[in-house]
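I have placed the structure first, in the form of structure tokens, so that the comments after it can refer back to it.
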Amino acid sequence: MTSHTPRGLRRLSLAGLAATAATLVAVAAAPSAAYAEIPGVDEIVSSDNLTQLANVPKSAGFDSLNSDLAFQGKYAFSGNYNGFVIYDISNPSAPAVVSEVLCVGAQNDISVLGDLLFLSTDSSRSDDSCNSTALPASDKAAWEGIKIFDISDKAAPKYIKSVETNCGSHTHTLVPGKKDAYLYISSYSPSSTYPDCLPPHDAVSIVKVPLKKPADAAVIAAPNLFPDGGNPGGNGSSNTTGCHDITVYPAKKIAAGACMGDGILMDISDPEKPRVTERVRDTTNFAFWHSASFNNAGTKVVFTDELGGGGGATCNPEIGPNRGADAVYDLVGGKLTFKSYFKIPRENGPTENCVAHNGSIIPAMGRDILVQAWYQGGVSVWDFTDSANPVELGFWERGPLSTTTATTGGSWSAYYYNGLIYSNDIAKGFDVLKLDDPATNSAKAVRFGALNVQTQPEYPVCTTVVRDASRGISARSGVTCVDGGVIRGRVEISKGAKLLAYNATVAGDVRVTGGGTLSLVDSRIVGDVWADELAEVYVAGNRISGDLDVYDTTGTVVVSGNTISGSLECAYNKTAPTNDGVKNVVDTREKGQCRTL
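Under mature numbering (1 follows the signal peptide of the UniProt record, and there is no 0), read the sequence shown as residues -36 to -1, 1 to 561, first letter to last.
Structure representation (structure tokens):
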């Protein structure tokens, strides 16, 4: 592992943050660590490229643990052991609670698809209702599994269906399809005293959800992923009795499973019949294979080790840099090859649970970068473009909940979504962070309509990266990416080609036509912008000296926060354009579908 100090350091107390009059103090750090001392209770410490925009404390009734996150449009969906909360994040500096659903059932792992929300229950309940009570798993009448909600009205979700699964649903992974969705249910820890979770349990339950009739959802298969029983455990590694989490990459028809004592790859060409194609173990440093992330190219996999189950203090010199860490593997020809470990370089105190946990890829141009939760170790952003030498780029961390008593807390999940980082803190609530770094800022040009991190999306891979051009740009194929710099002349993209531009200055018109996509963010255009017959259009935060015209888009159109000296006109777009809650400033006039944006 390679580590370095990410720029400067900032400290901020919770009281100072609330008063909005805090003083940020830059502190010199030793080359081997970001700071030499552990922050105090409720003190916030960060590198200078990460800033907190907002925190929403947990509401009454949600005093249990916050868990995972999912996203759709302007909404974030926050799981909690007591239910889930829907936030409107159109103003990221002030997220607003849209609705809260009390429905006890740890962990309430969460995902969304269209008008459906899925919730995992991995604690034995008296029944499948949201008013259930605890019941021992040894009782045959106990219920565990998946709950399905209708979220067509975000202010009033409706519970429509449950599906019981063997050993419950610790986590679930959504595999989308045209007519049906599939849920891969991960669960483990069977016992001879549990009638619905008897050993051996080396399977993943597959729930099929007909999208037009979700009430018909049912378990259709339970393939055995470990016919040989998997890792028998011992020497600090876990006995494999199922998977903890599975990440699917639908665009490449592959999946990575983190399965207690084993890491696996699967072929999911047939989503009803996932097939294990590769398996790896690390009996030296990995105690519990917890989760996995692919890089965008599908040529690397990052596995995490949740040493101590998330409740232990493992970020200290005694545990060291290779345990409770991430492992980076190259994926070539279907084979996984270990390259390196990564662990945050900051020491945490003996009362702080700290270990590698949930994270997501940041879609930066030409790089492999992950943002990741480390419980009370906070949020870390790190680069594994060189898989043998990962480097931390930034961090944001709260001090311990207590310096005298071991208390569970910290960031459960930290995910990048449409330009910002969202963290679900177990104890402190929902955090919004802004990342400002030259290595990652180009990711702002990539926009997703929804995000379930364990259903990993593919984002455009730059075939050409332009930082300066003296005679403009012309492309009829591939993905042209402009990452800063000055383009002197007209930009012409056609024939299905794509344009992603961030922080660019274009001295000329920008014209994108013919079935591709346009993503233009935080740029200055001295001329007109024309988008015609495209699949998607995202134009946000730009200064445009001429007109902006968007016609005949088949997919989503977002025109947000632009300053336009000419006119803004949208027409014949299949979906009504939106402004993501940030109005445009138009000097001349707004016309057609964009007249209210």
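Note that beta-carbon positions come from the ideal geometry of N, C-alpha and C, so glycine has one too.
- Using a C-beta cut-off of 8 Å, the region 94 to 105 makes no contact with the region 164 to 184, since fewer than three inter-stretch Cβ pairs fall below that distance.
- For residue 230, DSSP records a beta bridge to 219, 240.
- With fewer than 16 other Cβ atoms inside 10 Å of its own Cβ, residue 431 counts as exposed.
- Counting along the chain, the unbroken beta strand (DSSP E) around residue 326 starts and ends at 323 to 326.
- In this structure residue 89 is buried. Its beta-carbon is surrounded by 16 or more other beta-carbon atoms within 10 angstroms.
- Straight through space, the alpha carbons of residue 99 and residue 262 are spaced by roughly 42 Å.
- Here residue 484 is bridged, per DSSP, to 465, 503.
- Residue 288 is positioned such that its CB atom lies no closer than 8 Å to that of residue 303.
- Contact between residue 151 and residue 226 does not hold, since their C-beta atoms are separated by about 15 Å, which reaches or exceeds 8 Å.
- Going by DSSP, residue 7 is part of the beta strand (DSSP E) stretching over 7 to 11.
- Contact annotation: residue 82 and residue 112 have beta-carbon atoms nearer than 8 Å.
- With a beta-carbon spacing of about 10 Å, residue 30 and residue 395 fall beyond the 8 Å limit used to define contacts.
- Nearest in C-alpha terms to residue 471, of all of 462, 399, 456, is 456.
- When only Cα atoms are considered, residue 355 and residue 333 end up about 9 Å apart.
- Under the criterion of beta carbons closer than 8 Å, residue 328 and residue 406 qualify as touching, at roughly 5 Å.
- Annotation: residue 98 is outside any beta strand (DSSP E) and is labelled neither H nor E by DSSP.
- Its chain contains 474, 508, 512 as the residues whose beta carbon lies nearer than 6 Å to that of residue 493, once the 5 sequence neighbours on both sides are disregarded; these appear in chain order.
- Residue 395 sits in a strand when the DSSP states are folded into three classes.
- Residue range 107 to 114 is occupied by the beta strand (DSSP E) that includes residue 113.
- Close CB contacts of residue 428 within its chain, under the 8 Å cut and outside five residues either way in sequence, are with 439, 442, 443, 444, 445 (chain order).
- The distance from the Cβ of residue 209 to that of residue 135 is about 5 Å, consistent with a contact at the 8 Å cut-off.
- Excluding five sequence positions before and after residue 435, the CB atoms of its chain that fall closer than 6 Å to its own CB belong to 453, given in chain order.
- For residue 431, the enclosing beta strand (DSSP E) starts and ends at 428 to 433.
- Counting only residues of its own chain and dropping the five nearest sequence neighbours on each side, residue 500 has a CB closer than 6 Å to the CB of 481, 519, 520.
- Taking 8 Å as the cut-off, the beta carbon of residue 258 is found no closer than this to the beta carbon of residue 269.
- Sequence-distant Cβ neighbours of residue 194 in its own chain, meaning closer than 8 Å and more than five residues away, are 166, 203, 204, 205, 223, 224, 225, 226.
- Distances from the alpha-carbon of residue 423 to those of 551, 364, 214, 391 put 214 closest.
- Residue range 122 to 128 is occupied by the beta strand (DSSP E) that includes residue 125.
- Segment contact: the region 360 to 371 against the region 30 to 41, fewer than three CB-CB distances shorter than 8 Å; contact not assigned.
- For residue 319 against residue 274, the beta-carbon gap comes to about 6 Å, under 8 Å, which counts as contact.
- Going by beta carbons, residue 464 and residue 476 fall outside the 8 Å limit.
- When secondary structure is reduced to three states using DSSP, residue 400 falls in the coil class, being assigned neither helix nor strand.
- Note that the C-beta distance between residue 179 and residue 124 is below 8 Å.
- By the beta-carbon neighbour count (other beta carbons within 10 angstroms, threshold 16), residue 160 is buried.
- Counting of Cβ neighbours within 10 angstroms places residue 310 among the buried residues, the total reaching 16 or more.
- Rounded to the nearest whole angstrom, the C-alpha separation of residue 534 and residue 558 is 5 Å.
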